[in-house]
Amino acid sequence: MQPRISILICTCGGQILEKIDLNVLHEKIKDLDHVTGIKTVDNLCKLETSDIRSYISDCDRVLFAGCSERSSLSFNEDRIHSLLEELGIDISMYEVANLREQCAWAHSDKNGATGKAIDMVRMAHAKLKLNTPAVKPPEIVKKALVIGGGPAGIQTAMEAGNSGIDVTLVEKNHYLGGHACQIPFLFQCEGWPSMCTSECIVPVQARNVIFNPNVTVLTNSLVQDIKKENGNFKVTIQKRAEFVNPERCVSCNKCSDICPEEVEREFDCNISKRKAIDKDFYLAIPDTYNIIEEACTKCGECLNVCPTDAIDLDAKVEIIEDTFGAIALATGFDSFDLSRLQELNYGENVISSLEMERLIARGFRDAPEHVVFQLCTGSRIEEGEEGVSYCSKTCCGVAVKQIERLTSMSPETEVSVVYNNDIRTYERALEQFYNDSKDLVDFINGRIMNVERNNGKLNITVESPDGDEEDIEADILVLSEAQIPAASDMIEKLGLRTDIYNYPLEGQPRILKPTESYIDRIYVAGAAGGPKIVQESIEQGITAAMRIVQALKGKKPQKFVSTVDSELCSACKICEKVCPHGAIQVDEEAVVDSAFCQGCGLCVSACPTHALQLTNFQDRQVLEQVEVAFGNLSEDEPRILALLCYWCSYAAGDLAGYNRLQLPENLRTIRIRCSSSINSGLIMEIFRRGVDGILIAGCPPKNCHHVSGNYMTAKRVRLMNMLMSQIGLSPSRLKWEYIGVPMWKTLGKSIKDMDKALRKLGRIKVRG
Ligand code: FES
2 MQPRISILIC TCGGQILEKI DLNVLHEKIK DLDHVTGIKT VDNLCKLETS
52 DIRSYISDCD RVLFAGCSER SSLSFNEDRI HSLLEELGID ISMYEVANLR
102 EQCAWAHSDK NGATGKAIDM VRMAHAKLKL NTPAVKPPEI VKKALVIGGG
152 PAGIQTAMEA GNSGIDVTLV EKNHYLGGHA CQIPFLFQCE GWPSMCTSEC
202 IVPVQARNVI FNPNVTVLTN SLVQDIKKEN GNFKVTIQKR AEFVNPERCV
252 SCNKCSDICP EEVEREFDCN ISKRKAIDKD FYLAIPDTYN IIEEACTKCG
302 ECLNVCPTDA IDLDAKVEII EDTFGAIALA TGFDSFDLSR LQELNYGENV
352 ISSLEMERLI ARGFRDAPEH VVFQLCTGSR IEEGEEGVSY CSKTCCGVAV
402 KQIERLTSMS PETEVSVVYN NDIRTYERAL EQFYNDSKDL VDFINGRIMN
452 VERNNGKLNI TVESPDGDEE DIEADILVLS EAQIPAASDM IEKLGLRTDI
502 YNYPLEGQPR ILKPTESYID RIYVAGAAGG PKIVQESIEQ GITAAMRIVQ
552 ALKGKKPQKF VSTVDSELCS ACKICEKVCP HGAIQVDEEA VVDSAFCQGC
602 GLCVSACPTH ALQLTNFQDR QVLEQVEVAF GNLSEDEPRI LALLCYWCSY
652 AAGDLAGYNR LQLPENLRTI RIRCSSSINS GLIMEIFRRG VDGILIAGCP
702 PKNCHHVSGN YMTAKRVRLM NMLMSQIGLS PSRLKWEYIG VPMWKTLGKS
752 IKDMDKALRK LGRIKVRG
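Residue numbering for the sequence shown follows the working numbering, starting at 2 and increasing by one per position.
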């Protein structure tokens, strides 16, 4: 069936009318193929849908000529999508000629602007007639998997469960609550500083999730494998042998009393002992005993005393397979391995901050005379040192809280704090803890260079920033250790992109996407995404749950999706590697899962056999636009084409217009997907079709919406510049710029510079 295109021209309240002769425009576009009608209106954004419907009857595609769909404050692409849905038109079947921001506002000469406007409408029309219907994503399973049963994971599962989502929560320990259970006093950070006990907070949270009818809690379990399958996640979970049946166990302790085997209690950071059959701590939820397999001799004594027949020493591992539509990674943090800092002599009486929590929880047998804290241990390191260079954010706050607990338990204990240039109690309540501690504590700017043990005491050598050394005698040294990412294996299984510290990257723009990863429907909550206090982790759990609930409502059809021509695919796997969204799997050939594809086009430009294309952004659509882009420009004028990335750079182009920056009239713009959606062959073909200069602009460093598309383009342009020199084409005809939204002046300058350069170079003469 032939396309039927309706063109709606908006005067934008007369602003376009002032600069563009709409009668001429109308006359010049009325004979375009497949156009069923053209209507000029004053304020499209203010019209009722019923009016718009009456103007565009008898069409299946709409060309809007008016303001920018990227930057308009009242008629942007989200609004256009809703309008099209109301009108019953496929959301792929529209294009916009951005006559306001990038024509009327950018040029003062009415003739020139009118000529350019005609070209712009023709470009939009050339693309629109080749558009294909949006791709319907597969059915998303309305079930969520939460990996990690700490505060963030529990909250995610509970909130999603409360919203009617079927949730499975997998936790590696026998109990819920993660590290929060080990911390007796949890500080709260709004308003005045206060503390809650984990003995209160964690059971409340854990009970809420364990008795939630929509949540299945699998403790003592591990996620073994995750595969993407038809838009969903197929997951294999290993439930380790459950020697004590939680349905029967009544926590009477008889088994533990009789058990002859004693081991170190990991929950207490090994400062106390437990039996091979025991509870990790008395408030552990689920309320059941467990057996440490490696410590159990299977003597059977416990079987004889268990009043409910809850113990099965022959229990086996269970494998559970299920499919989920969304996953939340809430695996918390690991502590930096303090034994790597040999000068600190980590071991007896030199303890971690977490170990100090357990000491505070159990109480000191003898009050220590002097306790020294060292902040930032393994954090904020200089190059070449052991540790991580970031601030672990929570440690200063935890230390001042511990000092508050310690001095209230043992007022006679002397406390010193060795800090690294500054103290980072980053929040107003924590700052108050710090202020309160100032009268009680000796704060020393410096770092510990050496620790020796001597007759039960520690000799600690501290070096000041000036190089002066001071020796301190202490009973306990508490090292506020760095937080590092946990569960690297899980991050790998999920295929998440990570930062240099191995924390999963959040989707760009991060400000708008807390907890969202680069892979659709995988969320990262709590300390799994970077150091956080318990309160922040819970807040992130709530956010992740909201996102899950929204995401599981199902995906809308997508305008831009990669497709593979299997005849051309060589299964080289390059596309699988470059895809930042984990949407491509290559076995015999590349297969794109449309539910994960975000239509960035990185795979398209990376494919060496041109087997991949984007729906509604095919090479031939770009070339069709190029063919008509300069129809109203005189033959001797150099042709400049700016290929501006969908997000930052195109918006900068709009802001240039908004600020009335006057640009050369020989400039035409195409809003591309990620800057890296443009391949080298396409660039050369654009030159061959008569364009004299091409400017490609993408998001600034670290801001590409598809992780590294901007860097890939920068590299590609560098290589092409070298190639161009070799074939006698001036490299100044192809430019790359990092252009963020506010960089409209830089963009304008770059275009003007290119215009000047091209006028010197002249037009490219050879075609064919
Ligand atoms: Fe802008 Fe990748 S999205 S360069």
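We treat Cβ as the ideally placed atom computed from N, Cα and C, and that holds for glycine.
The structure presented is a predicted model; accordingly, all values stated were derived computationally and were not measured.
Residue i: CB within 8 Å of a non-hydrogen atom of the ligand FES
| i | result |
| --- | --- |
| residue 707 | yes |
| residue 647 | yes |
| residue 677 | yes |
| residue 710 | yes |
| residue 714 | yes |
| residue 104 | no |
| residue 700 | yes |
| residue 601 | yes |
| residue 751 | no |
| residue 7 | no |
| residue 771 | Given that the chain is displayed from residue 2 to residue 769, the structure contains no residue 771 and the question cannot be resolved. |
Chain B within 9 Å of residue i, Cβ atoms only
| i | result |
| --- | --- |
| residue 733 | This model lacks chain B altogether, as it is built from one protein chain only. |
Cβ-Cβ distance between residue i and residue j below 9 Å
| i | j | result |
| --- | --- | --- |
| residue 536 | residue 189 | yes |
| residue 419 | residue 382 | no |
| residue 504 | residue 530 | yes |
| residue 731 | residue 723 | no |
| residue 558 | residue 138 | yes |
| residue 147 | residue 240 | no |
| residue 395 | residue 532 | yes |
| residue 637 | residue 764 | yes |
| residue 490 | residue 229 | no |
| residue 587 | residue 573 | yes |
| residue 96 | residue 65 | yes |
| residue 612 | residue 681 | no |
| residue 311 | residue 290 | yes |
| residue 666 | residue 105 | no |
| residue 565 | residue 603 | no |
| residue 354 | residue 433 | no |
| residue 5 | residue 61 | yes |
| residue 285 | residue 264 | no |
| residue 683 | residue 752 | no |
| residue 126 | residue 34 | yes |
Given residue i as reference, the closest of the options once Cα atoms are compared
| i | options | result |
| --- | --- | --- |
| residue 71 | 582, 534, 671, 732 | 671 |
| residue 247 | 520, 384, 279 | 279 |
| residue 283 | 492, 314, 221, 362 | 362 |
| residue 349 | 690, 106, 329, 272 | 272 |
| residue 584 | 617, 707, 622 | 707 |
| residue 694 | 341, 627, 714 | 627 |
| residue 266 | 465, 429, 183 | 183 |
| residue 482 | 387, 508, 459 | 387 |
| residue 800 | 105, 277, 331, 215 | Limits of the chain in this structure are 2 at one end and 769 at the other, which puts residue 800 out of reach. |
| residue 678 | 691, 553, 712, 150 | 712 |
| residue 619 | 98, 354, 30, 131 | 131 |
| residue 508 | 525, 493, 495 | 525 |
| residue 380 | 338, 360, 357 | 338 |
| residue 739 | 124, 384, 754, 702 | 702 |
| residue 451 | 258, 342, 187, 761 | 342 |
Within 8 Å, do at least three Cβ pairs link the region 35 to 43 to the region 56 to 63?
By the criterion of at least three beta-carbon pairs nearer than 8 Å, the region 56 to 63 is in contact with the region 35 to 43.
Quick check: the region 409 to 427 against the region 358 to 375, are at least 3 beta-carbon pairs closer than 8 Å?
The region 358 to 375 and the region 409 to 427 touch, with no fewer than 3 CB-CB distances between them shorter than 8 Å.
Are there three or more Cβ pairs, one per stretch, closer than 8 Å when the region 746 to 756 is compared with the region 652 to 661?
Contact holds between the region 746 to 756 and the region 652 to 661, because three or more Cβ pairs, one in each stretch, are under 8 Å apart.
Determine, using beta-carbon pairs with one atom in the region 111 to 125 and one in the region 287 to 301, whether at least three such pairs fall under 8 Å.
Using a Cβ-Cβ distance cut-off of 8 Å, the region 111 to 125 and the region 287 to 301 are not in contact, since fewer than three pairs of beta carbons, one from each stretch, lie closer than that value.
Under 8 Å: do the region 637 to 649 and the region 672 to 685 share three or more Cβ pairs, one atom per stretch?
When C-beta atoms of the region 637 to 649 are compared with those of the region 672 to 685, three or more pairs fall below 8 Å, so the two segments count as touching.
Are the region 472 to 479 and the region 321 to 330 touching by the rule of at least three beta carbon pairs closer than 8 Å?
The region 472 to 479 is not in contact with the region 321 to 330.
With contact counted as at least three CB pairs below 8 Å, one residue from each stretch, are the region 454 to 474 and the region 505 to 519 in contact?
The region 454 to 474, when compared against the region 505 to 519, does not touch it at the 8 Å Cβ threshold.
Inter-stretch contact at 8 Å, needing at least 3 Cβ pairs: the region 210 to 228 / the region 160 to 174:
With the cut-off at 8 Å, the region 210 to 228 and the region 160 to 174 touch.
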